[in-house]
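Q: In terms of my numbering, the sequence shown opens at residue 1 and continues consecutively.
The beta-carbon is built from N, C-alpha and C at its ideal position, and this holds for glycine as well.
My structure is below; once you've seen it, I'll send some questions.
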Amino acid sequence: HRYYGDSLPFGEDSFTDTNLVYLTVEQALADMARFLYAIPTILQCSSGCNSCQSVLFGGSYGGMLAAWFRVKYPHLSKGALAASAPVDTYLGENRAEMFRNATFHVYKRYGDSGHNISCDGFLSEGLKSILHLSKSEQGRKLISTHLKTCNNVKDSSDAEKTEFYVLGALATLAMLDYPYPTTFVAPLPANPVKYACEQARKELYSENDVDIALLKALNTAINVFVNSTKSLKCHNISLEIVGSPQHKLQSSSKGLGDITRVWNYQACTQMILEPLTSEGLGFAIERDDQVAEVVKNCRSRYPGLVADVDWLKESFGNGCQMARNTRNIIFSDGEKDPWRVGGVPSNAKQISRDGSVVHIYIEGAAHHQDLRSANALDSKSLARARMLEIAEIKKWLTEDCENI
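Printed below as a string of C-alpha cells:
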C-alpha cells in the first residue's frame, strides 16, 4: 500500500502536505488493479477465466480494500475474503454508541471470572467519570494525576481527548483478545481482556475514594495495551483528533512503525469515523456530533485538506447495497471485535442476488482471527468459519466461465 512501509512514492518527501494528496483509497485500489492486470504476463500464464485466478484476502482496512476492489474491479479477481472489514461505518447510523456497547460486551463476557464487580461495569463508569469530573478544577486534577496524562487536563476539550484515548485503548484491547500471546499491535499476554480486568480490579479494592479508584482502574487496564513494554512515562492526549485543534503533526518517520500521520490523513479525507487514537496504537469511532470538530482539527493538521466524508458511501454503497450489488465476497466478523458493528448485514446471503455474498459471525473470535494460523485454543466457531470460507472459495475457483 502506497505511503506505508517502504512503498514511498516520493521517498523521504512522501509525507509532505503536497505529496499526501495521492494517498487515497481509489489510488490504492488502482495500484492493485495494475498489478493483477499484469499477473498473466508476470507469471506467463493464460489470461483466460480459469487461469491466473486471483482471490483477495484482507483483514481490517485490508479487508475493506478487498471488498471495495470487488465493487470497482470485479473482472480482476474471482472473489474476496474480507475479514473484520467495517465497510458500513458511516455518519447517521449511530455507530459510535454501537461500537462502545460492543467494546464493553467483550469485557462483560470475557473479562469476568465469577467476580461480584463486573469489569465492563467499572470500566464503563470510569469512562463516564472523565467527562463528569472535568467540570471542576479539582476533578480535572484527579484525571491528570490518576490517568497520568503528559499535560494537565485543563478544560472540557482536554477531557474529551482523554476519554477518546481511553476508549480507543479499551476497544483495541478488546479486538486483540486472542487466546494466546501476540505481538500483532503490541506485546500482549494470552486473553489480555481478562488479564486487564484482573489487574484493574485490584485498584478498586485498594482505594476508598470511588472516583480515584475508577480512574486508577482505567489507567491500569489501558496500560496493558498502550504500555505493555513499560516504557511509556505518561499518556499523550495531545495527538487525539477529537476536541479542539491544537497543533499540526510532524511528518512521520519512514516505515510502518509510525503510521499516525498517514493513517489520520486517510481518516481525515475519506474515513472520518476511523481515526487513530491512544499513542497511535488504537482506533475508535467518534460520535456524529464530534465530526465537525474533527474536520476542523484535520484542516489544522493538514493545511489545504479537503474532507470528503461521503465519498466512500457514494462510491461503494452501504453494507446492504454492497451485498446486493456484488458477488463472491465473504465478510467475517469476530464476536470480540467492536468493529463488527460496521460490517455488512448478517443476512447478506439472502440479500445477495445469487447468494455468493455471505456474512460469517464467529463466536469467541477476535479481530480477523480467521486469517491467523489455526491454534488449538481457537473456538469451535472459528474452526467452522474457516471450513465455510474454504468451501466458498473452492466454489469460486471452479465455477463456469459463463457465470462470471
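Are there 16 or more other CB atoms within 10 angstroms of the CB of residue 158, so buried, or fewer, so exposed?
A: Residue 158 should be labelled buried.
Q: Hey, would you say residue 177 sits closer than 9 Å to residue 376, going by beta carbons?
A: Result no, Cβ atoms of residue 177 and residue 376 do not sit closer than 9 Å.
Q: To which residues does DSSP link residue 359 through a beta bridge?
A: BP columns for residue 359 point to 331.
Q: For a quick check, are the C-beta atoms of residue 395 and residue 332 less than 9 Å apart?
A: Cβ atoms of residue 395 and residue 332: not closer than 9 Å.
Q: Does the contact criterion of 3 or more C-beta pairs under 8 Å hold for the segment 121–134 versus the segment 198–215?
A: With a cut-off of 8 Å, the segment 198–215 and the segment 121–134 count as touching, because enough Cβ pairs lie within range.
Q: Distance check for residue 115 and residue 262, CA to CA, integer angstroms please.
A: For residue 262 and residue 115, the distance between alpha carbons rounds to 42 Å.
Q: Thinking C-beta only, is residue 91 closer than 9 Å to residue 273?
A: Going by C-beta atoms, residue 273 is nearer than 9 Å to residue 91.
Q: Evaluate contact between the segment 347–363 and the segment 322–329, counting only Cβ atoms and requiring at least three cross-stretch pairs below 8 Å.
A: Touching, yes, given that three or more Cβ pairs across the two stretches are closer than 8 Å.
Q: Can you tell me whether residue 390 is buried or exposed? The criterion is at least 16 other CB atoms within 10 Å of its CB, across all chains shown.
A: By the neighbour-count rule (16 or more Cβ atoms within 10 Å), residue 390 is not buried but exposed.
Q: Hey, quick one: how far does the alpha helix (DSSP H) through residue 43 stretch, first residue to last?
A: Taken as a continuous stretch (DSSP letters only), the alpha helix (DSSP H) holding residue 43 covers 25–43.
Q: Which parts of the segment 60–89 are runs of the alpha helix (DSSP H), unbroken and 4 residues or longer, counting only runs that do not cross its ends?
A: Correct list: 61–72.
Q: Starting from the C-beta of residue 329, find all residues in its chain whose C-beta is less than 7 Å away, skip the five residues before and the five after it, and write them out in chain order.
A: Hits under 7 Å: 67, 70, 79, 80, 82, 357.
Q: Is it true that the segment 40–47 meets the segment 25–32, where meeting means three or more beta-carbon pairs spaced less than 8 Å apart?
A: Touching, no.
Q: Could you name the residues that DSSP lists as bridge partners for residue 188?
A: Bridge partners of residue 188: 182.
Q: Looking only at its own chain, which residues have a Cβ that is under 6 Å from the Cβ of residue 34, when we skip the five neighbours before and after it?
A: Around residue 34: no qualifying Cβ.
Q: Any idea if residue 168 is buried or exposed, counting beta-carbon neighbours within 10 angstroms, 16 or more meaning buried?
A: That one is buried.
Q: According to DSSP, which residues form a beta bridge with residue 55?
A: Partner(s): 79.
Q: In the DSSP assignment, what residue or residues form a beta bridge with residue 282?
A: Residue 282 is bridged to 277.
Q: Over what stretch of residues does the alpha helix (DSSP H) that includes residue 159 continue unbroken?
A: Segment 156–175, the alpha helix (DSSP H) holding residue 159.
Q: Alpha carbon to alpha carbon, what distance is there between residue 354 and residue 225?
A: One C-alpha to the other measures close to 43 Å.
Q: Just to confirm my understanding: we take residue 371, look at its own chain, exclude 5 residues before and 5 after, and list those with CB closer than 6 Å. What are they?
A: Same-chain partners within the cutoff: 59, 83.
Q: My output table needs one value for residue 103: the three-state DSSP class, helix, strand or coil.
A: If DSSP states are grouped into helix, strand and coil, residue 103 belongs with the helices.
Q: Can you tell me whether DSSP reads residue 260 as helix, strand or coil?
A: In this structure, residue 260 counts as helix in the three-state DSSP scheme.
Q: Determine, using beta carbons only, whether residue 307 and residue 298 come nearer to each other than 9 Å.
A: Yes, Cβ-Cβ distance for residue 307 and residue 298 is below 9 Å.
Q: Does the segment 99–117 touch the segment 333–342, meaning 3 or more C-beta pairs lie closer than 8 Å?
A: Yes, the segment 333–342 is in contact with the segment 99–117.
Q: With burial defined as no fewer than 16 other Cβ atoms inside 10 Å of the residue's Cβ, what is the status of residue 15: buried or exposed?
A: It counts as buried.
Q: According to the Cβ coordinates, are residue 343 and residue 382 closer than 9 Å?
A: Not closer than 9 Å, so no.
Q: Do the segment 226–242 and the segment 142–153 make contact, defined as three or more Cβ pairs closer than 8 Å?
A: Yes: at least three Cβ pairs fall under 8 Å.
Q: Going by DSSP, what residue range makes up the alpha helix (DSSP H) through residue 146?
A: From DSSP, the alpha helix (DSSP H) with residue 146 extends over 137–146.
Q: Along the chain, where does the alpha helix (DSSP H) containing residue 288 start, and where does it finish?
A: Careful: residue 288 lies outside any alpha helix (DSSP H) and carries neither H nor E.
Q: Where do the N-terminal and C-terminal ends of the alpha helix (DSSP H) with residue 377 fall, by residue?
A: Looking at the DSSP string, residue 377 is not in any alpha helix (DSSP H), and its letter there is neither H nor E.
Q: Along the chain, where does the alpha helix (DSSP H) containing residue 128 start, and where does it finish?
A: Start and end: 119–133.
Q: Report back the beta-carbon spacing between residue 113 and residue 134 to the nearest angstrom; my notes put them in contact at under 8 Å.
A: Between residue 134 and residue 113 the Cβ distance is about 33 Å, and since that is not below 8 Å, they are no contact.
Q: How many Å lie between residue 399 and residue 392 at the Cα?
A: Cα to Cα, residue 399 sits roughly 11 Å from residue 392.
Q: For residue 119, which residues of its own chain have a beta-carbon under 6 Å away from its beta-carbon, when the five flanking residues on both sides are left out?
A: Excluding positions up to five away in sequence, the list reads 107, 111, 112, 197.
Q: On a Cα-Cα basis, can you pick out the residue from 352, 239, 300 that is closest to residue 269?
A: Comparing Cα positions, the closest option is 300.
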